[in-house]
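The structure appears below as structure tokens.
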Amino acid sequence: MAVDDDKTKTKSQAKDFYYILGVSPNASTEQVHEAYSELNDKVGPYSEAANSDPETQQRTWRDIRAAYEVLSEPAKRREYDKNSSVFRQTTDVRALWTKVTSGVQNVVTQSQTQELKGASGKIQPQSLEMEVDVSLKEAVKGCKRQITIQDPKACEECINLKPVNRMQCQTCRGVGYFTVERTLDIELPRGLYDELEIRKTGQGKWDMRATTHGDLILKIKLAKHPVLNVLGRDIAVNVPITLYEAMLGAEIEIPTATGRVVMKIQPLTQPGRVYRLKGLGLAGADQLVTIDVLIPQQLTSEEVVLFRKLKDLAKENHNPRESLFTNVQQVS
Ligand SMILES: [Zn+2]
Numbered sequence: 020m021a022v023d024d025d026k027t028k029t030k031s032q033a034k035d036f037y038y039i040l041g042v043s044p045n046a047s048t049e050q051v052h053e054a055y056s057e058l059n060d061k062v063g064p065y066s067e068a069a070n071s072d073p074e075t076q077q078r079t080w081r082d083i084r085a086a087y088e089v090l091s092e093p094a095k096r097r098e099y100d101k102n103s104s105v106f107r108q109t110t111d112v113r114a115l116w117t118k119v120t121s122g123v124q125n126v127v128t129q130s131q132t133q134e135l136k137g138a139s140g141k142i143q144p145q146s147l148e149m150e151v152d153v154s155l156k157e158a159v160k161g162c163k164r165q166i167t168i169q170d171p172k173a174c175e176e177c178i179n180l181k182p183v184n185r186m187q188c189q190t191c192r193g194v195g196y197f198t199v200e201r202t203l204d205i206e207l208p209r210g211l212y213d214e215l216e217i218r219k220t221g222q223g224k225w226d227m228r229a230t231t232h233g234d235l236i237l238k239i240k241l242a243k244h245p246v247l248n249v250l251g252r253d254i255a256v257n258v259p260i261t262l263y264e265a266m267l268g269a270e271i272e273i274p275t276a277t278g279r280v281v282m283k284i285q286p287l288t289q290p291g292r293v294y295r296l297k298g299l300g301l302a303g304a305d306q307l308v309t310i311d312v313l314i315p316q317q318l319t320s321e322e323v324v325l326f327r328k329l330k331d332l333a334k335e336n337h338n339p340r341e342s343l344f345t346n347v348q349q350v351s
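Be aware that the sequence shown starts at 20, since it is given in the numbering used here, and climbs by one per residue.
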């Protein structure tokens, strides 16, 4: 058990500093400073977040400081780079800042409301996060989903009773509220991709303390496709063609996220050639078609005769491996 505990500890301590600062692993020291100063405004000790949600702010700020101390010092950063590749992208800190910074936005709107209405400070409603599974086709084309939300509704019989008496309420059996289902028809736009978050303001769960609806945050989960692979926003597919199609060119049908399309194979297409089909990937990115040339598995004696004849006729009868040897000679 002790060993397991140690493991968990190491894992939770190993953090992706690049992710925390929101910079790429190739970022210059200058960019690291910039990112840090931007975060200082958003979640630093003198930010609005420090007032609105001090606990999350302090936790987040600790991580940001730790990341900055390492990444802003070239020597420390090199050492970190050596040891960190395994756990990059595993922290949940980005989620924390979203929470903190959205808190800030809410605070801003709230203070504006206060100016308008003179209302006293309000409790912020909780957001509701939901995962939405979408297929590749839906991600490209957009889709509709019906979502059911369970809103709590205060029990009117006992809402004004003391907690002790509320326990005896027959209507809600002492819970204090009922759950009311609400269905939402959600239209997800075209151009979705994995991990995309779509925020529907004020459409989340009813928050009884805040007496308003929180936001609904839909997190897109892209389902795996049997033959199409997603590389970033591009969609990649390996397509086999025959030797004859490769040599003479052809028009072939290939699968895309939304159905079949016909594409042109140029004459003398080499194995491994990548064709880029514009706009057929995710969110307007491309589809990459990598060509695989199939050599016949069997030849009839007549074909052998014809291939020999072709070999004799071929213009390119040089040895394609010559350069392998000449290059070696140059080196040695
Ligand atoms: Zn009740």
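Virtual Cβ for every residue (Gly too), placed ideally from N, Cα, C.
Shortest Cα-Cα distance from Ala255 to any of Pro290, Thr309, Lys240 and Glu264 involves Thr309. Between Val153 and Ile239, the CB-CB gap stays under 7 angstroms. Beta bridge pairing from DSSP links Lys172 with Phe197. Environment of ligand 1, chain-ordered: Cys174, Glu176, Cys177, Cys188, Thr190 and Cys191, taking every residue with Cβ within less than 5 angstroms of a heavy atom. Rounded to whole angstroms, the gap between the alpha carbons of Met227 and Lys156 is 39 angstroms.
Take the alpha-carbon of Arg209 and the one of Lys160: they are about 5 angstroms apart. In this structure, Val183 and Arg164 do not form a Cβ contact; the two beta carbons are roughly 43 angstroms apart against a cut-off of 8 angstroms. Per the Cβ contact rule, the stretch 169–181 is in contact with the stretch 190–202 (3 or more Cβ pairs under 8 angstroms).
With distances taken between CA atoms, Gln316 lies nearest to Thr261 out of Gly41, Tyr65 and Thr261.
By the CB criterion at 7 angstroms, Tyr212 and Leu301 fall inside the cutoff. Note on geometry: alpha-carbon atoms of Asn257 and Glu88 lie some 44 angstroms from one another. Contact between the stretch 35–44 and the stretch 54–71 is established, with three or more Cβ pairs separated by less than 8 angstroms. With a cutoff of 7 angstroms on beta-carbon distance, Leu235 and Leu147 are scored as near each other. According to DSSP, Asp311 shares a beta bridge with Pro259. Contact annotation: Gly233 and Lys243 have beta-carbon atoms that are not nearer than 7 angstroms.
Assignment of Thr231 by DSSP, reduced to helix, strand and coil, places it in the strand class. Less than 7 angstroms divides the Cβ of Gln76 from the Cβ of Ala68. The C-alpha of Gln306 is placed about 15 angstroms away from the C-alpha of Ile271. In the three-state DSSP reduction, Gln50 falls in the helix class (H, G or I). In the structure shown, the three-state DSSP call for Tyr294 is strand. When secondary structure is reduced to three states using DSSP, Gly210 falls in the coil class, being assigned neither helix nor strand.
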